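Student:
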Amino acid sequence: MSAPDPTDLTNRVRAAVAAVLRTDTGQLAADRSLRDLGINSMRAMRVAARLETGLGVPVRPWLLLEHDRIDTLVAALAAELSGDAAPAGPPDDTAPPGPPGPVPSALGPFAEADAAPPVDGAAAPSSVSPPAPARPLSHAEQTQWYLAWSQPHSTRYVFSGGVRLRGHLGVDALRAAFQNLVERHEPLRTSYRLDADGVPRAVPVAPWRFPLPVTDLSDSSDPDTEVEAAVRDERDTPFDLTTGRLLRARLLRTAADEHVLLLAAHHIAFDGWSLGLLFRALGTGYRAATGASAPAPAVTGPGYRDYVEFQQDTWRRDRRVRLDWWRDQLADARTVLDVPGDLPGDPGPDGPGALLRFTVEPGLAAGVRELCRTTGVTLFVALATAYATVLHHRTGQDDLLLGTPLTHRPRPAFHHLIGMFVNTVVLRARFGADTTFRDLLAQSRRRMLGALEHQDVPLNAVIESAGAVRDPDRNPLFQVMFDLHSFPPDELSLPGVEVRALDGGPVGLHRFETPGREAKFDLTLTVEDDGEALLAALEYRADRYSAAWARRLADDLTTLLARVVADPARPVRDLAASRTGDSVAHGPAWTVPSRTVHELVEAHARTRPDAVAVVDRGRRTTYAQLDRAAGELAGRLRAAGVGPETVVGVLAERSADLVVDLLAVLKAGGAYLLLEPRHPQRRWRTMLRDGDARLLLTRAHLAARLADDTDAAARDGTDRPEDVTGGASDGDRRLLRLAPDGPPARTGRTGPDNTAYLLFTSGSTGTPKGTAVSHRALVNAHLGWHRRYRLGPDTAVAQLAGPAFDVFSGELVRALCSGARLVIVPDEDVVDPARLHELLRAERVTTAEFVPSVLRPLLDLGASLPNMRLVALGVEPWTAADHHLLLRLLPPGTEVVNTYGVTEATVDSTIGALPTTGPELTGRAAAYRWPVGPPMPNTSVYVLDHRLRPVPVGQPGEVWIGGAGVAQGYRGRPGQTADRFRPDPYAPAPGSRMYRTGDRGRMLPDGQLVLLGRVDRQVKVRGIRVDPEEVEAVLGAAPGVRRAVVTVAADGPGAGLVAYLVREPGTSPDLRAVATHAARALPQAVCPVRYAVLDRPPLTPNGKIDFAALAGVPTRPVGRDRPVDRPTTATERQVAALCADLLGVDEVGTRVDFFELGGHSLLLARLVGLVRDRFAVELPVREVLLDPTVATIAALVDAGERAGTAPGHATTPTAAPTARRVRVRAVVGADSTLRVRRGGTDVRS
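Counted from 1, the sequence shown has number 690 at position 690 by UniProt numbering; the numbering is strictly sequential.
1. Between which two residues does the beta strand (DSSP E) harbouring residue 397 extend?
2. What residues in its chain sit with their C-beta under 6 Å from that of residue 1015, if we drop five residues either side in the sequence?
3. Just to check my reading of the structure: residue 400 and residue 429 have Cβ atoms closer than 8 Å, yes? What is that Cβ distance to the nearest angstrom?
4. Which ranges does the beta strand (DSSP E) cover as unbroken runs of at least 3 residues, wholly within the segment 532-564, from first to last along the chain?
5. Name the DSSP bridge partner or partners of residue 429?
6. Give me, in chain order, the residues of the same chain whose beta-carbon lies closer than 8 Å to that of residue 547; leave out the 5 immediate sequence neighbours on both sides.
7. With a cut-off of 8 Å, do at least 3 Cβ pairs link the segment 306-313 to the segment 517-533?
8. Cα separation between residue 1010 and residue 1004?
9. Can you find the residues in the same chain that come closer than 6 Å, C-beta to C-beta, to residue 86, ignoring five residues on each side of it along the sequence?
10. Under 6 Å Cβ to Cβ from residue 1273, same chain only, skipping five residues before and after it: list those, please.
11. Cα-Cα, which of 706, 597 and 386 is closest to residue 683?
12. Could you give the uninterrupted runs of the alpha helix (DSSP H) lying entirely in the segment 686-711, keeping only those of 4 residues or more?
13. Is residue 708 buried or exposed, if buried means 16 or more other CB atoms sit within 10 Å of its CB?
14. Ignore the nearest five residues each way along the sequence and tell me which others in residue 1151's own chain have a CB closer than 7 Å to its CB.
15. Classify residue 294: buried if its beta carbon has 16 or more other beta carbons within 10 angstroms, exposed otherwise.
16. Between the segment 612-620 and the segment 969-980, do three or more beta carbon pairs fall short of 8 Å?
17. Could you work out which residue in 905, 935 and 902 is closest to residue 912 when comparing CA atoms only?
18. Please name the residue, chosen from 696, 653, 666 and 671, that lies closest to residue 678 on a Cα-to-Cα basis.
19. Quick check on DSSP: helix, strand or coil for residue 789?
20. Mapping the DSSP letters down to three states, classify residue 159 as helix, strand or coil.
21. From the DSSP output, which residues share a beta bridge with residue 874?
22. If we count Cβ pairs, one from each stretch, closer than 8 Å, do we get three or more for the segment 263-281 versus the segment 404-414?
23. Throw me the rounded Cβ distance for the residue 1247 and residue 723 pair, which I believe falls under 8 Å.
24. Less than 8 Å between the beta carbons of residue 291 and residue 494, yes or no?
25. Around the C-beta of residue 142, are 16 or more other C-beta atoms found within 10 angstroms, so that it is buried, or is it exposed?
26. For the candidate residues 1060, 540 and 412, whose alpha-carbon lies nearest to that of residue 1113?
27. Do the segment 695-704 and the segment 646-664 meet, that is, are 3 or more Cβ pairs less than 8 Å apart?
28. Using the beta-carbon count (16 or more within 10 Å), is residue 253 buried or exposed?
29. In terms of residue numbering, what span does the beta strand (DSSP E) encompassing residue 900 cover?
30. Pull up the DSSP beta-bridge partners for residue 1093, would you.
31. Based on the DSSP secondary-structure assignment, which residues constitute the bridge partners of residue 957?
32. Which same chain residues, not among the five before or five after residue 549, have their C-beta less than 7 Å away from its C-beta?
33. For residue 5, collect the residues of the same chain with a Cβ closer than 7 Å to its Cβ; drop the 5 residues on either side in sequence, then sort them by chain order.
34. With a Cβ-Cβ cutoff of 8 Å, do residue 590 and residue 462 count as a contact?
35. To which residues of the same chain is residue 369 closer than 6 Å at the C-beta, ignoring the five residues directly before and after it?
36. What is the rounded straight-line gap between the Cα of residue 990 and the Cα of residue 966?
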């Protein structure tokens, strides 16, 4: 194109801007700021549309946001039109330019409507001709259709609201206006049906006679209440998409000259922009019907089906470039934003909604607008950034995503159409340690402009291309929304009638739409700019957040806005709202006796010598016998050189003799280091060496295993143990000297501050690290347990934990320091629920601490535990569903407690009672995870930020533990000790220390702690704390393995670690050999359960491991392939054949997920139809979606045939199965086909 005339182009730009702003061109000086004049992104779209029409070439709307003055805009536009400047993308957009960009709908790509629709909104293509043929669905319609198909009774996407009409209203004229409306706008009378191939199609229907029922409430004693009921009724009445009637209205006459008009439409045919078009069309039609103006002429031109064709053409042509841009933008993004609330809530994506309306007053609103002017951003960017910052403070998350709806009307011809044009895009916010709010605004602006240029990509395709990990309990990519509107107050103009919102205020989308019964997302903030104040509405999940919580969030937002207006250069970390009540909790201060553990046991041996101390496979040992045997062995240990701070390894199976060994070491003045017999010899040697153990107390067969490993010991640089048992052998007990040339043992009496035991935990360096725990810390823990658990001579404590757990020592102390019975549960009984139940009943066990994974199989037996008085839970989450089942098996009065602790703070630090009756129990959702309680006595719990400052109550941070239970540190690791054990500035007494747990949590107002996961990669597998880097270090040393990446598989029976092995070039590791290598170095419980071999690990653009991509790599257990479950019944064989034909595969197993084989929702709909034709049974769609396998479908067919279900019946069950709660999700793939995936969530448009 030749260079345009500068004067002509300037005049065109001024004319277009003036027309949109409804002002005179003389007011538009060349150097005036377009933003100051009122150009936001919606108006930028309208200016671009006018220029595009006049010039006959595409004009990109983002140019008006990038160039803020008329003269600079004209220069940039001239450069593009003349070819002097390529129509490049916005700043930082590295993708090649695509076709003309779509039209934005708000300030940036993150709002649905912020300005009036075009003034000619009533004009639309005439639709009085015969109905058009069926057409494909647009991307937005596909999503809405799928949601309606899978949830036919849901009203989440019913758009409803109302207005008050005061004055003389012509009801017949208004009815005629509605009739004219549905004739002109085809989407309002479109039916959605499956064609013969099971593909949904949009079928326009002939205009129907539009009903406008009138209900007379003028004689009602309480018309306001009846109006409210009618509003709720409209909101809660679903639409049937097959009828083609997607708009309804009704009038309520509250007085002779007063009416309420209620409207409802389904979102498949209606978006926020459409409301302005509807109002304008109703006004035009009403005036024509009353004779106040001539009828609007019929207009020919593009309709919604032309938009669908345009969308499909654009998508096919430019799909890859735009998908690649989004993939880069969202690389390595955190797709979960869990905003902690103050209510338990349901973990699923659906829940009841509530609405809080609040106002940013005109003074502060003016300050925000001035901030926008000085920083060069739109109001949308400023408010979205502030919202993201508040969520950052609430969650502690440094990388978060917001969703926002965006009207996608990419051509001026589509601006006048009522219909569903909304797409949802994603705004990413990243926070650094020193990021200022001004920095964040600039970042958001760049991302906004890029998203604007690529906003025509369907959200579901973005989700797929970004590789978002699907979680059935949350929406993919984002769980919070932001939207900005600027809607004029007088859109509906009826002669002689005053139109107001239901609350009496001006009509705007903010005030018109009725709040939904269900929340679409966890949190949705909508703001409307009325020119003075900012009117905000916060929709929130009412089952997760209370009204008070929502009010605090709103206050936080307004507080933050005031602070950034005053100083936008402040670091974001300093902008957090401060409130009374920091996350600091101290347990009660109790006096701890200056005693050692063995002295407490000796006291019971003196006062109750004949009482049973230990029960082991029916063998009973009294306190006197225990004390005597331990005393004799202690003498031999002292003779061998054991004294204070001497570490003695103890390697033996769990038994009464092992208890004797441990007490003997303590009596001799030493500290025991427990080894697990099932661990590999290499791990024994590492722990003995790093723990500086002088002696090893073990058994003959275990000593032989150690002796047989001489070559490995030589490689490790350790000496061969010397047997110094001598003639004092006690059965097969052996005493081995490990360091014959070590320094002489200390002498003197052991005191409370001496080490009692050493326990090794997982380490990120690849080797475990030993935690030293003192007698004082153990005695303090005993004091807390003794009083909290009401332990005493009539108590029987189960000993369930293995020697590798700190809980093992905890169980020993709970029982023997309290004079109770310690009942040792053999290893084979721990894993056999029937035998475990028999033992607990036979020994009349009253107190037990369970790992939930051990307790759940016991609960599945359904057998009662009549003697239990206290059940403690720890290590793993315990849900409300589990809790209800447990309570049915316990006698009345049994207490259930939830515990939390770490080895470095002596077993337990918090204990919380769980409810057994009342609303605190019955009001919890099935997957609710309970708090772990307040601190134990002489224990402090803190939730701190990265600068070690307490965060406000309710906000997340890292959990630190202080008090008497804090361990001495890591043996031989001064650097790691200094890093994890710090001086405690919040302790009641000076000189105290606190330990950094690495756990994330938040404090409730009553001082209870709620755990939120880990700060680092450390996890717990089957109750064992594991650092994946330790396992990776072991696997990386296996032959043929260059490096390893370890992740955690899902919870459940198959839970465990998954190893991804990167092969050495030119080799392929033998997985059996790798597994054997791992088993020799790691506890069996933390050996990987599945493996995969890779040429190279997937990386994010930042060079980090792409764990989301790894999740999609097929893995397998070593040594076996998963067999195909072949059909066994006639029905299964027929259903499997139907599935195989649809999917184009040779064979379909009965338990294979239909979607995992490449199925999508359209194929599933066809399958349902084929099954109906074959068996004359109508499948309940919801149950098929919950478990789309041959086995389930065949079972439903058989059940339907037995019940005589006829087609058309039982299409939707009233409730989903409670045993398995699975969500489904709609996905638009790269081929623009609607897909469905099981295990995800509903995707909102």
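By construction, the Cβ of each residue, glycine as well, lies at the ideal position given by its N, Cα and C atoms. If you're wondering where the values come from, they're calculated on a predicted model, not measured in any experiment.
Tutor: Quick answer:
1. Here the question's residue 397 lines up with position 397 in the sequence shown. No beta strand (DSSP E) contains residue 397, which DSSP labels as neither H nor E.
2. Sequence index remark: in the sequence shown, residue 1015 carries index 1015 (1-based). 958, 998 and 1000, listed in sequence order.
3. In the sequence shown, residue 400 corresponds to position 400, counting from 1. In the sequence shown, residue 429 corresponds to position 429, counting from 1. Indeed they touch by this definition, with Cβ atoms about 6 Å apart.
4. 534-541
5. Against the sequence shown, residue 429 aligns to sequence position 429. In the DSSP assignment, residue 429 forms a beta bridge with 400.
6. Numbered from 1 along the sequence shown, position 547 holds the residue referred to as residue 547. 354 and 356, listed in sequence order.
7. Output reads no: the segment 517-533 does not touch the segment 306-313.
8. Locating residue 1010 in the sequence shown gives position 1010, where the first residue counts as 1. Locating residue 1004 in the sequence shown gives position 1004, where the first residue counts as 1. Here the alpha carbons of residue 1004 and residue 1010 stand approximately 7 Å from one another.
9. As a first step, residue 86 is located in the sequence shown; it is residue number 86 there, counting from the start. Residue placement at residue 86 is poorly supported in this model, since its pLDDT is 42, which falls under 50; the coordinates are not used for a value here.
10. Because the chain here runs from 1 to 1245, residue 1273 falls outside it and cannot be looked at.
11. Here residue 683 refers to the residue found at position 683 of the sequence shown. Comparing Cα positions, the closest option is 706.
12. 700-707
13. Position 708 of the sequence shown, counting from 1, holds the residue named residue 708. Classification of residue 708: exposed, given that the 10 Å Cβ count is below 16.
14. Taking the sequence shown and counting its residues from 1, the one referred to as residue 1151 is at position 1151. Within the same chain, residue 1151 has close Cβ partners 1125, 1189 and 1191.
15. Residue 294 sits at position 294 when you count from the first residue of the sequence shown. With fewer than 16 other Cβ atoms within 10 Å, it is exposed.
16. no
17. Taking the sequence shown and counting its residues from 1, the one referred to as residue 912 is at position 912. Out of 905, 935 and 902, 935 has the C-alpha closest to the C-alpha of residue 912.
18. Sequence index remark: in the sequence shown, residue 678 carries index 678 (1-based). Ranking 696, 653, 666 and 671 by Cα distance to residue 678 puts 653 first.
19. If you number the sequence shown from 1, residue 789 lands on position 789. Collapsing the DSSP output to three states places residue 789 in coil.
20. If you number the sequence shown from 1, residue 159 lands on position 159. DSSP places residue 159 in strand when its eight states are reduced to three.
21. Translated into positions along the sequence shown, residue 874 becomes position 874. DSSP lists no partner for residue 874.
22. As far as the Cβ criterion goes, the segment 263-281 touches the segment 404-414, which means the pair count is three or higher.
23. This structure leaves residue 1247 out entirely; the chain is present only between 1 and 1245.
24. On the sequence shown, residue 291 is found 291 positions in, with the first residue counted as 1. On the sequence shown, residue 494 is found 494 positions in, with the first residue counted as 1. Contact: no.
25. Residue numbering aside, residue 142 sits at position 142 when the sequence shown is read from its first letter. Buried, since its Cβ has 16 or more Cβ neighbours within 10 Å.
26. Within the sequence shown, numbered from 1, the residue matching residue 1113 stands at position 1113. Closest option to residue 1113, Cα to Cα, is 1060.
27. The segment 695-704, when compared against the segment 646-664, does touch it at the 8 Å Cβ threshold.
28. Translated into the one-based positions of the sequence shown, residue 253 becomes position 253. Under this definition residue 253 is a buried residue.
29. Translated into the one-based positions of the sequence shown, residue 900 becomes position 900. Counting along the chain, residue 900 sits inside the beta strand (DSSP E) bounded by residues 895-900.
30. Within the sequence shown, residue 1093 is the residue found at index 1093, counting from 1. According to DSSP, residue 1093 shares a beta bridge with 1061.
31. Residue mapping note: residue 957 aligns to position 957 of the sequence shown, counting from 1. Paired residue(s): 1001.
32. Within the sequence shown, the letter at position 549 stands for residue 549. So the list reads 341 and 342, once near-sequence residues are dropped.
33. To locate residue 5, count along the sequence shown from 1; it is residue 5. Here the set comprises nothing.
34. Position 590 of the sequence shown holds residue 590. Position 462 of the sequence shown holds residue 462. No, these two residues do not count as a Cβ contact at 8 Å.
35. On the sequence shown, position 369 is the one that residue 369 refers to. Excluding five sequence positions before and after residue 369, none of the CB atoms of its chain fall closer than 6 Å to its own CB.
36. Counting from one through the sequence shown, the residue named residue 990 turns up at place 990. Counting from one through the sequence shown, the residue named residue 966 turns up at place 966. Answer to the nearest angstrom: the Cα atoms are 14 Å apart.
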